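So the structure is just underneath, and the comments pick up after that.
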Amino acid sequence: MDITNSRVVVTGGAGFIGSHLVDKLLARNNEVIVIDNFSTGSYRNLEDHNTNPLLHVVVADIREEAEILKAIKGSDFVFHLACQNVRLSLRQPTIVHEVNATGTLNILKASVAAKVKRFLYCSSSEVNGTARIVPMPEEYHYRPETIYGASKLTGEYYTQVFHRAGWIPAVIARPHNNYGPREHYEGDKGEVIPRFILWVLSGKPPMIYGDGTQTRDFTYVTETADFMVRLLECDEALGETYNICRGEEVSILRIAELISELIGLDKPPLRLKGRPSDVLRLYGDATKLDRTLGAIPQISIRDGLKKTIAWFREYVTIDETVFATMQNESWKSVPPEFFLEGL
Ligand SMILES: NC(=O)c1ccc[n+]([C@@H]2O[C@H](COP(=O)([O-])OP(=O)(O)OC[C@H]3O[C@@H](n4cnc5c(N)ncnc54)[C@H](O)[C@@H]3O)[C@@H](O)[C@H]2O)c1
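With the first letter of the sequence shown counted as 1, position 13 gets the number 12 in numbering that gives the first Met the number 0; the numbers rise by one all the way through.
Put into structure tokens, the structure is as follows:
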């Protein structure tokens, strides 16, 4: 089933991955409805399409059932990406549960009510917790280590139930770590690659939490968006879960070294205290994706980093304001829930 010339909803479409998915869907002449509350997303991520009549932005919270029901009505496909992030889940588990778990149930119900043709749930490799088998296949003994991971897994289970019950044909995409243009560097949203890039571009060494041996399987963001579309188009993928990853394990220390090398900084990384609940090893198995689609993401970490560095050079003005938003533990400014006080 082709996703072209259709009406497509992207929840979280103003966010990092969501906005790349919006780019792809608009390029295929779809009318795109972005549902986003702009808590972490931004209009800047969609600015290339400011004058595109095919893009409609609905500012709504996925916890508000009536609002989203109205926004999804008349649509053909739904890509559900809206979520609250992993680091917020350390301090504010309730909101993360409400958005990621209950919000997903709301979007599923609204999609059924709107009789959409197909639904994609964007999950996360964090449902696995630290890898005990590598590479991690889709069928795995899940041991999420954060409320974020557990809430994303709940979203997977709800999606499976809706599919099995025959309420909506659905597929689950489980991206591993993404990087690329528009990635967050600020506060509790800040991710490792953009922070390293900004530090190194300004002549400062990258700062690593722990010893840097923790690993991730990084995918360049445009490829993740592409594979999400291909999965939802594929009949064989319905009812299934797919890792979207390269199947390549890279340590955080290696990322720091590569970024320094590509930018030309000759300073060793600084080591900081390890973070609570940091997953130590994530490394996905892309075999199932390859079997079904005959392809997996191809952009190497070196090439992807080059493109990402070029984007940050062009679009982010590096000054003290940028560094102020990147304070090491600025996520601590979000007050913790009462039961976490003093822990
Ligand atoms: N970035 C990664 O490396 C990565 C890896 C695996 C999975 N994922 C998944 O990809 C999806 C997108 O993540 P991202 O990295 O682009 O994050 P992001 O924070 O950039 O995007 C999330 C979007 O959801 C919106 N949102 C949050 N709460 C909302 C609410 N209550 N109602 C409506 N909109 C709301 C935000 O404003 C934002 O635009 C998420 O489902 C995430 O779990 C991301």
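Even glycine gets a Cβ: it sits at the ideal position worked out from N, Cα and C.
Quantities reported herein were computed from a predicted structural model and do not represent experimental measurements.
Annotation: the continuous beta strand (DSSP E) that includes ALA169 extends over 169-174. Straight-line spacing of the CA atoms in PHE195 and ASP210 works out to 15 Å.
In the three-state reduction of the DSSP assignment, HIS183 falls in the coil class, being assigned neither a helical nor a strand state.
Excluding its 5 nearest sequence neighbours in each direction, LEU53 has C-beta neighbours in its own chain below 8 Å: LEU25, ASN28, ASN29, GLU30, VAL31, listed in chain order.
For ligand 1, no non-hydrogen atom lies closer than 7 Å to the CB of THR291.
DSSP places ILE32 in the uninterrupted beta strand (DSSP E) bounded by 30-35.
With a threshold of 7 Å, the Cβ atom of ALA81 counts as near ligand 1, since some heavy atom of the ligand is closer than that. For PHE338, no beta strand (DSSP E) encloses it, and the DSSP letter there is neither H nor E. By a beta-carbon distance limit of 8 Å, PRO174 contacts ILE243. Their separation comes to about 5 Å. Here the alpha carbon of LEU104 sits roughly 7 Å from the alpha carbon of GLY154. Where LEU54 is concerned, the enclosing beta strand (DSSP E) starts and stops at 54-58. Annotation: ILE2 is outside any beta strand (DSSP E) and is labelled neither H nor E by DSSP. Residue nearest to ALA294 within the set GLU313, GLY246, GLY128 is GLY246 (criterion: CA-CA distance).
Uninterrupted alpha helix (DSSP H) stretches at least 4 residues long and entirely within the segment 278-315 occur at 286-292, 300-314, given in chain order. Taking C-beta atoms as the reference points, LEU271 and MET325 fail to come closer than 8 Å. Pairing VAL57 with THR286, the inter-Cα distance amounts to about 37 Å. Only residues of its own chain outside the window of five on either side were considered, and among them THR324, MET325 have a CB closer than 7 Å to the CB of GLU185, listed in chain order. Relative to ligand 1, ILE146 has its C-beta separated by 7 Å or more from all heavy atoms. Counting only residues of its own chain and dropping the five nearest sequence neighbours on each side, PRO204 has a CB closer than 6 Å to the CB of LYS266, PRO268, LEU269. Here the segment 138-153 lies against the segment 83-94, with 3 or more beta-carbon pairs under 8 Å apart. Here HIS140 is exposed, its C-beta having fewer than 16 other C-beta atoms within 10 Å.
Here VAL111 really is in contact with ILE167; their C-beta atoms are around 5 Å apart, less than 8 Å.
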